[in-house]
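Number of protein chains: 2
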Amino acid sequence: MSKRQLSLNLFIYPGGHHEAAWRYQGSAADRILDVSYYQELAQRAEAQKFDAIFFADGPALADNVRYAQRFRFEPITWLAAIAVATKRIGLIATASTTYTEPYNLARLFASLDHLSGGRAGWNIVTTSTAQAAQNFGLPEHPPHHERYERAREYIDVITRLWDSWEDDAVVNDPASGIFADTGKIHPIDHVGKHFRVRGPLNISRTPQGRPVYVQAGSSDDGRAFAARYAEAIFTAHQTLASAQEFYADIKRQARAFDRSPDQVRILPGISPFIASTQAEADLLQDEFNELIQPEYSLTQLRQMIGLDLSGFDLDGPFPRHLIDTGSARGVASRFKLVVDIVDREQPTIRQLVQRLAGARGHWVIAGPPEKIADNIQTWFDNGAADGFNVMPPWLPGGFDIFAEQVVPILRKRGLFRGEYSGTTLRDHFGLSRPQSVFSGSIKAIA
Amino acid sequence: MSKRQLSLNLFIYPGGHHEAAWRYQGSAADRILDVSYYQELAQRAEAQKFDAIFFADGPALADNVRYAQRFRFEPITWLAAIAVATKRIGLIATASTTYTEPYNLARLFASLDHLSGGRAGWNIVTTSTAQAAQNFGLPEHPPHHERYERAREYIDVITRLWDSWEDDAVVNDPASGIFADTGKIHPIDHVGKHFRVRGPLNISRTPQGRPVYVQAGSSDDGRAFAARYAEAIFTAHQTLASAQEFYADIKRQARAFDRSPDQVRILPGISPFIASTQAEADLLQDEFNELIQPEYSLTQLRQMIGLDLSGFDLDGPFPRHLIDTGSARGVASRFKLVVDIVDREQPTIRQLVQRLAGARGHWVIAGPPEKIADNIQTWFDNGAADGFNVMPPWLPGGFDIFAEQVVPILRKRGLFRGEYSGTTLRDHFGLSRPQSVFSGSIKAIA
Chain A
1 MSKRQLSLNL FIYPGGHHEA AWRYQGSAAD RILDVSYYQE LAQRAEAQKF
51 DAIFFADGPA LADNVRYAQR FRFEPITWLA AIAVATKRIG LIATASTTYT
101 EPYNLARLFA SLDHLSGGRA GWNIVTTSTA QAAQNFGLPE HPPHHERYER
151 AREYIDVITR LWDSWEDDAV VNDPASGIFA DTGKIHPIDH VGKHFRVRGP
201 LNISRTPQGR PVYVQAGSSD DGRAFAARYA EAIFTAHQTL ASAQEFYADI
251 KRQARAFDRS PDQVRILPGI SPFIASTQAE ADLLQDEFNE LIQPEYSLTQ
301 LRQMIGLDLS GFDLDGPFPR HLIDTGSARG VASRFKLVVD IVDREQPTIR
351 QLVQRLAGAR GHWVIAGPPE KIADNIQTWF DNGAADGFNV MPPWLPGGFD
401 IFAEQVVPIL RKRGLFRGEY SGTTLRDHFG LSRPQSVFSG SIKAIA
Chain B
1 MSKRQLSLNL FIYPGGHHEA AWRYQGSAAD RILDVSYYQE LAQRAEAQKF
51 DAIFFADGPA LADNVRYAQR FRFEPITWLA AIAVATKRIG LIATASTTYT
101 EPYNLARLFA SLDHLSGGRA GWNIVTTSTA QAAQNFGLPE HPPHHERYER
151 AREYIDVITR LWDSWEDDAV VNDPASGIFA DTGKIHPIDH VGKHFRVRGP
201 LNISRTPQGR PVYVQAGSSD DGRAFAARYA EAIFTAHQTL ASAQEFYADI
251 KRQARAFDRS PDQVRILPGI SPFIASTQAE ADLLQDEFNE LIQPEYSLTQ
301 LRQMIGLDLS GFDLDGPFPR HLIDTGSARG VASRFKLVVD IVDREQPTIR
351 QLVQRLAGAR GHWVIAGPPE KIADNIQTWF DNGAADGFNV MPPWLPGGFD
401 IFAEQVVPIL RKRGLFRGEY SGTTLRDHFG LSRPQSVFSG SIKAIA
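Keeping their order, the protein sequence lines are chains A and B.
UniProt numbering puts the last residue of the first sequence at 446; the count rises by one with no breaks.
UniProt numbering puts the last residue of the second sequence at 446; the count rises by one with no breaks.
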């Protein structure tokens, strides 16, 4: 295909992305611990030729599990179970550079890439919740810049582990009795500030060479990190202008790192309420917003901006003066996004909560299918997106409507594939397969 | 069933357990990185109503990858892919208490137990190779007693994480908007010498309550640990007498910990060469031994006993005087086993190497099906085993012969099930489902 193509990723949240989705009668709230439910979702996304599915993750229990389905199964095991029920679709999981040993993480993703035939992607996070620190013996959560410093070293370690077997190191010849050409297996001998890792990995190089590097940071550190390492970026924007600024900045920074801008796919989140008419779509969204539980929403908001509003009148003005913009707590990108909404729209607390309930700060849009497709195309054609992280308000129905009503329009306009042209996630995203950094190196294990 | 029943576990090693298995024409040497191969093996074991399959593991590359298929995919991801291709069989993976954070390990196994409907088992190891330490930033491998001290604390942490949601903590009621009864979710607030873990886990309690605790240590520390915590034990013995001593010791120690002896299943390894006659079985074994590569075997031996024999005549006497019995290196249980063989049989180096090549020191037996079944029954009836860890010399054929020719004899004698009577690994092993240690506790997250 010569024409530039959209990437579409299905972000799977148990019952859907609207915080009250699990209370909606069309959601699969009762199947959230049933692996076959997730296999079916992946199969539906694959039938639509989506690039990938994605699971978020965090190694701590969320605060507000009373009012929402906020458990977290371990996503790599889940994706392994999905891999063998699908053939083509990419499989992306979040994992933390702050709370997982690089040798262990390298093995988990290498195994997933092997067993899926080259469909693994790693969403690199530094983990933003202080609760996680307490599950891993740290007195307090490491500060933002220190987490990123560690993450940069982590990437270097894990990249070299994935590269430590050259592609042709495996001989596997029973006749001669030679399994591996050990001259093509390399120790990594990493000695750094945060890690000492000798290597090599104990798994041969994977079908993709390396799983795809995905990232979602939006702070200055996060952007610089993404521009340097990420091959796909999940990002949250409420407006075209904000997405354009982010897109231009990332591509510019990527160039400064001597990277080709097309090797960094930028996918903003979109959470669409779709119906035949605008009025019906608005009504559908209202139906979800009426299921919101304020106790839950205020906890969410407190996590985003570090401000406890439980004593305030929900229908009163949002107390803008109480936000200390100098000290972003929690996820930096979400903090900025909330402040932007408040400054732009002067909402009541309830209005703000409803805005955020849609998809935790991602772009929520309601309307008929043509409008959704038009918006997608506008962002795609105007330097705001290479594709989208599709976040259905509820599942599975919210995805099915998008698939049946919006995807055909995108396809008709020549913006989205009708068939897969490759077999790996790198193929779908149009990413090159990296050569091992050790190709030709003579420092080997034997 | 009132009659005491054997447990049978299929220990899966890529091409089989004989070190030259991958060179044997009947092995699946070319499919070792293909997940469908392992799914098929599990399905065959399930068709025979085996209790479980098992993957060993270690977070470092083995020394001798040149001459053997010594890679290691990450076993929990692999078992997740197998779980969804099977319905009943248990799924056991090794994971290290020395090199994995307990919160991460708790999540991996909890996810596996959820997605398999209660079939996960954890083979608890402290990891015995110095190479692993170098992949995890440690200056040297922690000594044996320190690894076990850490392991005991680890078990306490992970048990309480798995128990941190009571069985009925999940309400999941869309109408009331209550997902979880947070009064039944408990922080574990662990503060110890090796770990500080607040908890709770971010996954609800699993179908088995806790995955099954499996262990394989044979040192004094290892036995005490197994007697206290293990619900199934993998162990290596060359003689009935050795297995009886171990069996009696473990059951006695379990009683001393106030545990019921039947809640500790003891499964010695058995690697059978099976043919119609003894002569043919011996010939089959010879065929494997002729495929052995001495370079590989001597490296293996060096790892077991810390002695480099590469300069010695393979057909000369084993230099017993060079072994320092005061300083067991590597795996303590294997060291003892090698020394016992040397003292009992005075082998040449080649003879010793062939003895060990069978299944890394496990019991290798050659003969017609009746002889294999008789031996199994003798061990089972005479206080040496509750079942066996079946280690086919090669795969898949070595398993198929056992299944077709030995299992029916055991079944005919009423020693082994013809159908599963339960759905979980605990059911198969006859283990009780543990109540959460937090049942009724009032210290909760809200």
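By construction, the Cβ of each residue, glycine as well, lies at the ideal position given by its N, Cα and C atoms.
As the structure is a computational prediction, the values presented were derived from the model and not from experiment.
For the beta strand (DSSP E) containing residue i, name the first residue and the last one.
i, result
"Q269 of chain A", "For the record, residue 269 of chain A in the displayed sequence is Gly; it is not Gln. Segment 265-274, the beta strand (DSSP E) holding G269 of chain A."
"D427 of chain A", "It is not in any beta strand (DSSP E) - D427 of chain A instead sits in the alpha helix (DSSP H) that spans 425-429."
"A93 of chain B", "90-96"
"I53 of chain A", "52-55"
"F234 of chain B", "232-235"
Beta-carbon of residue i versus every beta-carbon of chain A: anything under 7 Å?
i, result
"V35 of chain B", "yes"
"M1 of chain B", "Because M1 of chain B sits at a pLDDT of 48, beneath the cut-off of 50, its placement in the model cannot be relied upon, and the following sentence gives the value as read from the coordinates. It does not; no Cβ of chain A falls within 7 Å."
"A52 of chain B", "no"
"G26 of chain B", "no"
"T77 of chain B", "yes"
"G177 of chain B", "yes"
"R196 of chain B", "yes"
"Q134 of chain B", "yes"
"residue 453 of chain B", "Nothing can be reported for residue 453 of chain B: it is not among the residues displayed for chain B, which extend from 1 to 446."
"V65 of chain B", "yes"
"I442 of chain B", "no"
"T182 of chain B", "yes"
"G367 of chain B", "no"
"Y103 of chain B", "yes"
Tell me, please, whether the CB atom of residue i is closer than 7 Å to any CB atom in chain B?
i, result
"L267 of chain A", "no"
"R417 of chain A", "no"
"S111 of chain A", "yes"
"Q43 of chain A", "no"
"Y13 of chain A", "no"
"L10 of chain A", "no"
"Q5 of chain A", "no"
"residue 455 of chain A", "Summary: the structure shown does not reach residue 455 of chain A, with chain A confined to residues 1 through 446, and so no result is reported for it."
"V364 of chain A", "no"
"R107 of chain A", "yes"
"E149 of chain A", "no"
"H186 of chain A", "no"
"P261 of chain A", "no"
Could you check where the alpha helix (DSSP H) with residue i kicks off and where it finishes?
i, result
"D374 of chain B", "369-381"
"Y99 of chain B", "Run containing Y99 of chain B: none; DSSP gives neither H nor E here."
"D282 of chain A", "278-289"
"H144 of chain B", "144-162"
"A241 of chain A", "240-256"
For residue i, write down the residues that DSSP places opposite it in a beta bridge.
i, result
"S7 of chain B", "B:G387"
"Y213 of chain A", "A:W122"
"R196 of chain B", "B:V191"
"V364 of chain A", "A:S271"
"S27 of chain B", "B:P396"
"V170 of chain A", "A:A180"
"I185 of chain B", "B:W165"
Less than 6 Å separating the Cβ of residue i from some heavy atom of the ligand SAH?
i, result
"T277 of chain A", "Ligands displayed in this structure: none; no statement on the ligand SAH is therefore possible."
Are the beta-carbon atoms of residue i and residue j separated by less than 7 Å?
i, j, result
"A83 of chain A", "S111 of chain A", "no"
"I292 of chain A", "A236 of chain A", "no"
"G137 of chain B", "F195 of chain A", "yes"
"P392 of chain A", "G209 of chain A", "no"
"G361 of chain A", "L337 of chain A", "yes"
"I365 of chain B", "P272 of chain B", "yes"
"L307 of chain A", "R119 of chain A", "no"
"P200 of chain B", "S164 of chain B", "yes"
"I158 of chain A", "P207 of chain A", "no"
"I204 of chain B", "V171 of chain B", "First, the amino acid is wrong: residue 204 of chain B is Ser here, not Ile. Contact: no."
"A373 of chain A", "V406 of chain A", "yes"
| Which residues, in order along the segment 203-218 of chain B, keep a beta-carbon less than 7 Å from a beta-carbon of chain A? | Residues passing the 7 Å Cβ filter: I203, S204.
| field | Residues of the segment 283-302 of chain B with Cβ closer than 7 Å to any Cβ of chain A, in chain order | value | Listed by position, the residues of the segment 283-302 of chain B near chain A (Cβ gap below 7 Å) are Q293.
| Contact list for the segment 303-320 of chain B against chain A, Cβ threshold 9 Å | Result list empty, no residue passes.
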